[in-house]
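The numbers in our numbering rise by one with no breaks, and the one at position 23 of the sequence shown is 10.
Heads up, the beta-carbon is just placed ideally off N, CA and C, and yes, glycines get one too.
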Amino acid sequence: MTVTHELDWEKIRAKARSEAWARDFVRVLKETCHSRMEVWPHDPPMEQSEWTHYYFCNDDAARLSFDFKKSGEHECPKCGKIYRGHPWDGAWRSIVHGSLVANMERAAILARIEPEPERYVEYLRRLVLFYAEHYEGYAVHGERAGKGKIMPQCLDESIVLISVGRYLSWGRGQNWFSEREMQLLREKWFRPAVELLKPQIGKIHNIHVWMQSAMATAAQWLGDRALLEWSIESEFGWKRQIELGDEGGRFLV
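This is the structure in structure tokens:
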């Protein structure tokens, strides 16, 4: 299987040089990427994550103040109440994972448009390879909307896989990862993620659309045509999701 559409990175680089709005965008992208690199220079957390819907004050429903440096203390900005332990620590870890995945996107873009991409490539490599090497060590868990490993449920787990698959596609032909490392990603992350998510697909539902997208992403990198066809043609595949799910978010079955 091959990708039928590739971004024109030379055109993107030229626009980033020639257009004022694009230069401003790249400047903000770099500033944000660098700040995330500096505030979290560590490996991703390995302890269990939790539903981010819990990251709110029980008394006044204000979102708790997130701080990368406070993994065990979560303050309500409205009333000052401090929350510790489960489930708030796990929700904090979910936010960290989400922030790291978002920053991998910034790094992947900058690795393609900056004249000295090494810093961004190394950052992306470090995080992607960590998740691949440690995916087996994340416990399957989740009490809301399915099961995850890195993330607390199947929706966010799918989004992580889709996102990383997209970043890898941006580096096609750039030798960001060796063939041995790509094999590690396929066998230690993408294939186990399929084994986790595929059995959870069983409805005409937006979350199941995300999981099918994760199946298609994994199929691309695994070279698994049967899995790709299943994600499109099966009982709850893309064709049926489009046919039976309406635009208003309601479902016909």
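Rounded to whole angstroms, the gap between the alpha carbons of Y154 and L111 is 9 angstroms. The C-beta separation of A205 from L148 comes to about 7 angstroms, placing the pair in contact by the 8 angstroms criterion.
When beta bridges are read from the DSSP output, G135 appears opposite H128. Annotated as proximal: I191 and Q228, with beta-carbon spacing under 7 angstroms. The Cβ neighbour count for E37, taken over all protein chains shown within 10 Å, is at least 16; the residue is labelled buried. Contact check for R93 against C20 passes: the beta carbons are separated by less than 7 angstroms.
The C-beta of C66 has fewer than 16 other C-beta atoms within 10 Å across all chains shown, which makes the residue exposed. Secondary-structure assignment with DSSP links E62 through a beta bridge to S52, I69. Selection E101, K56, K68 evaluated against E(-3) yields E101 as nearest (Cα-Cα).
I96 counts as buried, since no fewer than 16 other beta carbons sit within 10 angstroms of its beta carbon.
Collapsing the DSSP output to three states places F12 in a helix.
Inter-residue distance for E120 and F164 is about 14 angstroms (C-alpha atoms, whole angstroms). Residue pairing of F43 in beta bridges, as defined by DSSP: R50.
Annotation for P179: the continuous alpha helix (DSSP H) segment containing it runs 178 to 184.
Rounded to the nearest angstrom, the gap between the Cα atoms of H128 and L16 is 34 angstroms. Cβ atoms of A132 and Q35 stay farther apart than 8 angstroms, at about 16 angstroms. DSSP places N90 inside the alpha helix (DSSP H), whose first and last residues are 75 to 100.
K134 counts as buried, since no fewer than 16 other beta carbons sit within 10 angstroms of its beta carbon. Taking every protein chain shown into account, the CB of L(-6) has fewer than 16 other CB atoms within 10 angstroms, so this residue is exposed. Sequence-distant partners of R4 (beyond 5 residues in either direction) whose C-beta falls short of 8 angstroms from its own C-beta, in its chain, are R10. In this structure L183 touches K136 by the C-beta definition: roughly 6 angstroms separates them, less than 8 angstroms. Residue state for K57 is assigned as coil, using DSSP reduced to three classes.
The alpha-carbon of E144 is positioned some 26 angstroms away from that of R99. DSSP places G152 in the helix class (H, G or I) of the three-state scheme.
Cβ neighbours of V181 within its own chain (closer than 6 angstroms, five residues either side excluded): A205.
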